[in-house]
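Chains as they are written, first to last, in the numbering used here: chain A, -12 to 279; chain B, -12 to 279.
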C-alpha cells in the first residue's frame, strides 16, 4: 500500500502539551519528520484551547468528525468550525487528500506508550508490531470497528495511528513523554517509508493486543456525585490482570468495592482526568493474540 | 497557646479534588475532625471553580487575601467576592473569629506530603515535627516571613498550616493522596488538642526544613514562549540535592541547560502544572536545621 501524504496532528486537546511542543520542535527540525517517499504535514489542531489551557473551548474536537456534523453548517462551535477546517485540509472524508493521520495524545493514566487501533488491517497491525519490536513495552489497544462513521479526528483519512502516552498530568510537559512520542512517530514514519519503497520489515506471526471490552463508571450517590475513588491497589495498574475479588474502588467513607466478573480483565485508562466529567473511572480490555 | 476554633479549608483551587472530597467524607463522618477542646469548621472555599474544574474562575483565590483587597469593595471578581465571604466567616483579618486554618492543596510535583510554613513560631515547628514523627517522609517547606501582609487564604487567621501533597494530576482523586491528607489533618488536630489540654507531645531538639530561596523560570524564546522542559534527570527529584553541572532543562531541540550555582540546592515544585502560566519551572530551597 503506497502512502503519499501523512499528517501529524498535535494539540487536538489543548491541555495536552506534548504534541504542541513536538510541532514546535519539528518546525526547527523538519528533517526529523521528512521521508523521501511521502509528504509529511504537521498540523496544530486546536491552538485556542492550548492558549486557554483547556481540553476544548466548546466541544471535544476529537468527537467532532462525524460526516453529518462536518456537513452541517448550523454547527458553529469553535471546535465544530475547527473540525471543518481540518477536514478541508486533510480530507474531505469522502475523498481525502491525505492517506494517513498520526494523532498525539497523552493521559494521566499509567498507560506507557499505547497505540490505539480502531479496526485496523494487517498494515496497521504490522506497523504496531514494528514499533513494538523497537520499543518492547509498547501496548496495543484495539477497538473492533463496528462499521459506520466515527467522530474521531483521525477518521478523516483512510489510515491512522493514535498515540496515547502516560502518565502525565494535563497542562505539563515531560521530557520522557516527549521523547517517547517522538520515537514512536519516527518509527511510524520509518515503517510507512519502508513499505512504500518495497522494504517491508519482517515481523512475527502474531501480536498481543488489548481488545476493548467496556467502560466502567465511578460509583455515584443519589445526587449523581462521584463518591468513590480508584482503590490504591488498582491505581497505575493499567494493562495488568484484574481478577474477581480484586479491589477496584474505595468509597470516600472507606468501603471497598471489588471486581466481580469471572473473566480476567486488563484495565486501561485507570483514573484518566479527562473522563471525570463523563464519570468514567476506567475501561476493561481482554488480552488476545492477533495474526499478522 | 489555646486554640478555640479551627477551620479546615478544601477546594481553594477548583481542580484540586482531594480537599473537596475530604469535606464530603467528613460531612458523613464529622467525628473524625471533632476534638473536645476546640470547634472545627470545614469550609469549601471555591465550589464554582470545582464545578467548572478550573483552578479559579477570575483570579487565584489563594492570592486574594491582602487586607487592602479584602477591604476594597470595587474588586468584584468571583474570587474577590469569595475571599470577602471567607474573611467574614473566619476573620476578619483585623480581629479573627478563628484561630487556626488548615488549607489542603495538591501538586503535580513529586513533593510527597509537604507542610508549608510561612514564618512560623515554635508552635508551628513543633506541630510540623509532631507530624513528621508519625510520618517520617514528610517535608517541611519554610518561607521566611518578610513582614507585612500576605495574600494567602490562611493569612485570615493568626495560625495556619498549608498542606501540599503530590504528585497527582489536576482534576483527579487518588486514594493514596486522599489518605495522606486525611492522616496529616488528623495529626494536626491531635496536636492542637494535646497542646490545648496541657499534654504537649515531646519532640526532638531540632528539625530539618527546606528554606525557600527563589523561583526559577522556564527558558523562553524571543516571543516569550517556553521552549525547554525539565530534564528527565530532575523530573520527580523534589527535595533531592541539585549540584553545579547537573542537568536542569532540555530545550525542545535537545540542548541541555545545567544548574550553575556553586551552592547545593534542593528543588521543589518541579514541573508544577499550575505555574506554567507564570512560566515558573521550579523553586530552589536550602536544607537547614531549626531549633524546636
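All C-beta atoms, glycine included, are put in the ideal place defined by N, C-alpha and C. As the structure is a prediction and not an experimental result, all values here were calculated from the model.
Item                                                                                                                                                                  : Value
At 3 residues or longer, and completely inside the region 252 to 276 of chain A: list those beta strand (DSSP E) runs for me, N to C.                                 : 253 to 255
Tell me where the alpha helix (DSSP H) around residue 10 (chain A) begins and ends.                                                                                   : 4 to 15
Using the Cα positions of residue 130 (chain B) and residue 194 (chain B), report the straight-line distance between them to the nearest angstrom.                    : 15 Å
Mind checking which residues open and close the beta strand (DSSP E) that includes residue 84 (chain B)?                                                              : Residue 84 (chain B) -> no beta strand (DSSP E), and no H or E assigned at all.
Taking Cβ to Cβ, would you say residue 150 (chain A) is nearer than 9 Å to residue 73 (chain A)?                                                                      : no
Quick one: which chain A residues come within Cβ less than 9 Å of residue 180 (chain B)?                                                                              : Ordered by position in chain A, no residue passes the 9 Å Cβ test against residue 180 (chain B), which lies about 23 Å from the chain.
Identify the contact partners of residue 15 (chain A) in chain B, using a Cβ-Cβ distance below 7 Å as the criterion.                                                  : 240
Do the CB positions of residue 183 (chain B) and residue -5 (chain B) come within less than 9 Å of each other?                                                        : no
What residues of chain B sit near residue 279 (chain A), judged by a beta carbon separation below 7 Å?                                                                : Chain B residues near residue 279 (chain A): none, gap ~33 Å exceeds 7 Å.
In whole angstroms, give me the CA-to-CA distance for residue 44 (chain A) and residue 77 (chain B).                                                                  : 36 Å
Determine, for residue 45 (chain B), whether the minimum Cβ-Cβ distance to residues of chain A falls below 9 Å.                                                       : no
For a contact meaning CB atoms closer than 9 Å, what does residue 163 (chain B) contact in chain A?                                                                   : 219 and 222
Is there contact between the region 33 to 40 of chain B and the region -8 to 7 of chain B, where contact requires at least three CB pairs shorter than 8 Å?           : yes
Could you tell me how far apart the beta carbons of residue 123 (chain B) and residue 86 (chain B) are, in whole angstroms, since I believe they sit closer than 8 Å? : Residue 123 (chain B) to residue 86 (chain B), Cβ: 28 Å. No contact.
Compare the C-beta of residue 99 (chain A) with all C-beta atoms of chain B and state if any pair is closer than 9 Å.                                                 : no
Would you mind listing the alpha helix (DSSP H) stretches within the region 145 to 211 of chain B that are 4+ residues and don't spill past its ends, in chain order? : 162 to 183
Name the chain A residues that come within less than 8 Å of residue 237 (chain B), Cβ to Cβ?                                                                          : 162
Measure from the C-beta of residue 8 (chain B) to each C-beta in chain A and report whether the shortest distance is under 9 Å.                                       : yes
Note down the Cα distance separating residue 228 (chain B) from residue 274 (chain B), rounded to an integer number of angstroms.                                     : 9 Å
Return the first residue and the last residue of the beta strand (DSSP E) that residue 129 (chain A) is part of.                                                      : 126 to 130
Against chain B, which members of the region 244 to 268 of chain A pass a CB distance test of less than 9 Å?                                                          : 258, 259, 260, 261, 263 and 264
Does residue 193 (chain A) come within less than 9 Å of chain B when only Cβ atoms are used?                                                                          : no
Report yes if the C-beta distance between residue 121 (chain B) and residue 170 (chain B) is below 9 Å; otherwise report no.                                          : yes
Can you give me the C-alpha to C-alpha distance between residue 109 (chain B) and residue 148 (chain B), rounded to a whole angstrom?                                 : 13 Å
With burial defined as no fewer than 16 other Cβ atoms inside 10 Å of the residue's Cβ, what is the status of residue 270 (chain A): buried or exposed?               : buried
Could you say which of A:116, A:218 and A:242 lies nearest to residue 192 (chain A) if we only look at CA atoms?                                                      : A:116
Between residue 222 (chain A) and residue 164 (chain B), what straight-line distance do the alpha-carbon atoms span, to the nearest angstrom?                         : 11 Å
Could you tell me whether the Cβ of residue 133 (chain A) comes closer than 9 Å to any Cβ of chain B?                                                                 : no
Check each candidate in B:82, B:50, B:46 and B:56 and name the one with the smallest Cα separation from residue 65 (chain B).                                         : B:46
Taking the alpha carbon of residue 232 (chain A) as the reference point, which residue from A:225, A:245, A:220 and A:241 has its own alpha carbon closest?           : A:245
Let's test the definition: count the other Cβ atoms within 10 Å of the Cβ of residue 207 (chain B) and tell me whether it reaches 16, buried, or not, exposed.        : exposed
Report the neighbours of residue 156 (chain B) on chain A: residues whose CB is nearer than 7 Å to its CB, in chain order.                                            : 95, 156, 157 and 260
How far does the beta strand (DSSP E) with residue 336 (chain B) in it extend, from its first residue to its last?                                                    : Lying before the first or after the last residue shown, residue 336 (chain B) is absent from chain B, which here runs from -12 to 279.
Exposed or buried, what is residue 230 (chain A) when buried is set at 16 or more other beta-carbons lying within 10 Å of its beta-carbon?                            : exposed
DSSP three-state label for residue -6 (chain B), please.                                                                                                              : strand
Name, please, each residue of chain A whose Cβ falls closer than 8 Å to the Cβ of residue 50 (chain B).                                                               : Result: empty, since nearest Cβ-Cβ is about 18 Å, beyond 8 Å.
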